[in-house]
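One structure is given below, encoded as structure tokens.
Here you go:
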């Protein structure tokens, strides 16, 4: 006999704050938190504990659906089993990352690092983001969350992606073939790509050389999108205005790395989305999905087990 | 005989870059730049040279209209003569200042000063501006320019002003009577007031004490709105999360001032709107007004000589 749909397991309990927040959301959605052997579904409650999954699911007798806490399921791929319905946190973490992009653009254009490092009244500098020209590499969830934020700024925004499918809020969308042309025109280049064999090292010495020398490079994708040594050289030679990096290669950036010593480089420690920012967002998604599960409605964020995302 | 309306003086010529940009705008609007004794109107072209005005206007024979480069005409008050029609740059400089507010909010919430000062991989910190509660003191042009920028962030925005006239984009508008209640509720307090006898020292030890200890104070009004010694004490005792100040009292902040040494204080050197940011904005206004003058249409930004603004 299948378990009643309102019976929900929240496991493992290795992250007390996350466990408690998810359990509360389950109850707010009309569910009851029960041990896994009584549950109809499992809210997987520790993103760092993928390896605990096999032992956990072995105790389940009636679980039909598993909700994962990840945006991307790379670290969980080996456990995906088509016997279950899978959902993940697809899209929920994009708004804080889009916020990071706005932060980095404004920080760069308005010279905040210079002011933050000053211990006496500095020279008046800075330029406006308002009305500037931007290129964003990648047309995924982060870009979709960023475009509404930049909309009131009157910027000219070019999205560079594999297919030139238009995105609402972008001035234009072009394919990667046109990357070099776009790089030469814009005031800032924002990397918001997934790391794939095609995108590793996409910003190298040649691409940095294509950029204007008053243009900023922002990376909120993965460190591997930028050839670090080429970036160090470009920053040292003022070939670009500067870089704001939330991801680095290597990461964390080791003590004494040349990027630490450059005035025109700002490193943020992979905080596009932090666990503290992400928890309320995944909790909201879980609350919504548990309500849908109990009502027999379609779930948000389905994972295609065959495709692996 | 009055001069033809397309004959425009651009004086003084003491700021070559500004003079040239305004002269170009006059021509783009269909005007011809002529000496002041031939002109129907004067574009006053050096904000630092108010004292040059009497000698200049003494040479005019047919000038009917004077366009000033200022947003507020305090420094020009003694020269205002009701014999002329006066316009100023009212409102044109608000967008860069609104941009500064967004910069300061994001810089504060996302811990950019900490990251900018680091020379090794820092701890992951920061919180989201998205969905936060903000109070903005003042309902003038800066607030009007700020509200559209914050609109996509899903914030709860309370405008505190003399009259509770609603502003589009604000969640609510309240009067100054309710200031203490509002201060206790919000994640950030933004000062965007004019300095008047009622607003001098509006943020003092009591008001800082009313704020949450995780709330930020931003000042883009005037240094005199905040009692500096009270702010130093509040920052030292972590009574508030921190402060971002574009204006200080005294200003410029002298070397060795205690605010320079506080990790939870960021000073920007009165760059809400810099001359470099403002020039294209006033030039746009002048182009528009010269076109209107030639066409005999109403001018934008009239100054009421009796009221002095």
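Residue numbers (this note's numbering), protein chains in the order written: chain A, 1 to 309; chain B, 1 to 309.
Note that the Cβ used here is the ideal one computed from N, Cα and C, for glycine as well.
Within chain B, the residues that residue i reaches when beta carbons sit closer than 9 Å
{"i": "residue 99 of chain A", "result": "106, 109, 110, 128, 129, 130 and 153"}
Inter-residue CB distance, residue i and residue j (contact presumed, cutoff 8 Å)
{"i": "residue 149 of chain B", "j": "residue 98 of chain B", "result": "6 Å"}
{"i": "residue 164 of chain B", "j": "residue 147 of chain B", "result": "With 8 Å as the limit, residue 164 of chain B and residue 147 of chain B do not qualify as a contact, their Cβ atoms being about 16 Å apart."}
{"i": "residue 247 of chain B", "j": "residue 264 of chain B", "result": "18 Å between Cβ atoms; not a contact."}
{"i": "residue 130 of chain A", "j": "residue 153 of chain A", "result": "5 Å"}
{"i": "residue 138 of chain A", "j": "residue 192 of chain A", "result": "4 Å"}
{"i": "residue 109 of chain B", "j": "residue 267 of chain A", "result": "Not quite, the Cβ-Cβ distance comes to about 18 Å (not below 8 Å), so this is no contact."}
{"i": "residue 242 of chain A", "j": "residue 235 of chain A", "result": "7 Å"}
{"i": "residue 301 of chain A", "j": "residue 287 of chain A", "result": "So it is not a contact: roughly 13 Å between Cβ atoms."}
{"i": "residue 294 of chain B", "j": "residue 30 of chain B", "result": "5 Å"}
{"i": "residue 34 of chain B", "j": "residue 8 of chain B", "result": "7 Å"}
{"i": "residue 45 of chain B", "j": "residue 82 of chain B", "result": "With 8 Å as the limit, residue 45 of chain B and residue 82 of chain B do not qualify as a contact, their Cβ atoms being about 23 Å apart."}
Neighbouring residues, chain B, relative to residue i (Cβ below 7 Å)
{"i": "residue 119 of chain A", "result": "260"}
{"i": "residue 255 of chain A", "result": "120"}
{"i": "residue 191 of chain A", "result": "Those within 7 Å of residue 191 of chain A in chain B number zero; the least Cβ separation is about 18 Å."}
{"i": "residue 282 of chain A", "result": "None at all; the shortest Cβ gap to chain B is about 14 Å."}
{"i": "residue 196 of chain A", "result": "Per Cβ cutoff of 7 Å: no residues; residue 196 of chain A is ~26 Å from chain B at best."}
Exposed unless 16 or more other CB atoms sit within 10 angstroms - verdict on residue i
{"i": "residue 67 of chain A", "result": "buried"}
{"i": "residue 119 of chain A", "result": "exposed"}
{"i": "residue 309 of chain A", "result": "exposed"}
{"i": "residue 273 of chain A", "result": "buried"}
{"i": "residue 184 of chain A", "result": "exposed"}
{"i": "residue 298 of chain A", "result": "exposed"}
{"i": "residue 207 of chain A", "result": "buried"}
{"i": "residue 196 of chain A", "result": "exposed"}
{"i": "residue 77 of chain A", "result": "exposed"}
{"i": "residue 214 of chain A", "result": "exposed"}
{"i": "residue 255 of chain A", "result": "exposed"}
{"i": "residue 17 of chain B", "result": "exposed"}
{"i": "residue 105 of chain A", "result": "buried"}
{"i": "residue 87 of chain A", "result": "buried"}
Residue i - containing alpha helix (DSSP H), residue span
{"i": "residue 189 of chain A", "result": "Careful: residue 189 of chain A lies outside any alpha helix (DSSP H), inside the beta strand (DSSP E) at 188–191."}
{"i": "residue 18 of chain A", "result": "16–28"}
{"i": "residue 103 of chain B", "result": "94–109"}
{"i": "residue 181 of chain B", "result": "179–183"}
{"i": "residue 267 of chain A", "result": "Counting along the chain, residue 267 of chain A falls outside any alpha helix (DSSP H), though it belongs to the beta strand (DSSP E) covering 265–267."}
{"i": "residue 278 of chain A", "result": "275–295"}
{"i": "residue 299 of chain A", "result": "That residue, residue 299 of chain A, is in no alpha helix (DSSP H); it is neither H nor E in DSSP."}
Amino acids of chain A, ordered along the chain, whose beta-carbon sits closer than 8 Å to that of residue i
{"i": "residue 270 of chain B", "result": "124"}
{"i": "residue 76 of chain B", "result": "Within chain A, no residue comes near residue 76 of chain B; the closest Cβ sits about 22 Å away, beyond 8 Å."}
Where the beta strand (DSSP E) through residue i begins and ends
{"i": "residue 86 of chain B", "result": "85–87"}
{"i": "residue 11 of chain B", "result": "7–11"}
{"i": "residue 219 of chain A", "result": "216–219"}
{"i": "residue 242 of chain A", "result": "242–245"}
{"i": "residue 135 of chain A", "result": "133–137"}
{"i": "residue 43 of chain A", "result": "41–44"}
{"i": "residue 315 of chain A", "result": "Outside the displayed range of chain A (1 to 309) lies residue 315 of chain A, so it cannot be described from this structure."}
{"i": "residue 173 of chain B", "result": "172–175"}
{"i": "residue 65 of chain B", "result": "65–67"}
Chain-ordered neighbours of residue i on chain B, where CB pairs are closer than 8 Å
{"i": "residue 298 of chain A", "result": "The contacting residues do not exist; residue 298 of chain A stays about 25 Å from chain B at best."}
{"i": "residue 44 of chain A", "result": "Within 8 Å Cβ-Cβ: nothing; residue 44 of chain A doesn't reach chain B, min ~22 Å."}
{"i": "residue 277 of chain A", "result": "126, 127 and 128"}
{"i": "residue 96 of chain A", "result": "128 and 130"}
The ligand SAH heavy atom lying under 7 Å from the CB of residue i
{"i": "residue 17 of chain A", "result": "Judged by which ligands are present, the structure shown has none, so any question about the ligand SAH falls away."}
Residues that residue i contacts on chain A, provided the C-beta gap is smaller than 9 Å
{"i": "residue 61 of chain B", "result": "Chain A residues near residue 61 of chain B: none, gap ~39 Å exceeds 9 Å."}
{"i": "residue 266 of chain B", "result": "112, 115 and 116"}
{"i": "residue 252 of chain B", "result": "120 and 121"}
7 Å Cβ cut-off: residues of chain A touching residue i
{"i": "residue 274 of chain B", "result": "124 and 126"}
{"i": "residue 102 of chain B", "result": "106"}
_At a CB distance below 8 Å, what residues from the region 136–153 of chain B approach chain A? Give them in sequence order._
148, 149, 151, 152 and 153
*Determine which residues of the region 162–175 of chain A have a Cβ less than 9 Å from any Cβ of chain B, and write them out in chain order.*
none
*Using a Cβ cut-off of 8 Å, which residues of the region 221–239 of chain B contact any Cβ in chain A, in chain order?*
Listed in sequence order: no entries.
*asked:* Along the region 1–33 of chain B, where does the CB come closer than 7 Å to a CB of chain A? Name the residues.
replied: Answer in chain order: no residues at all.
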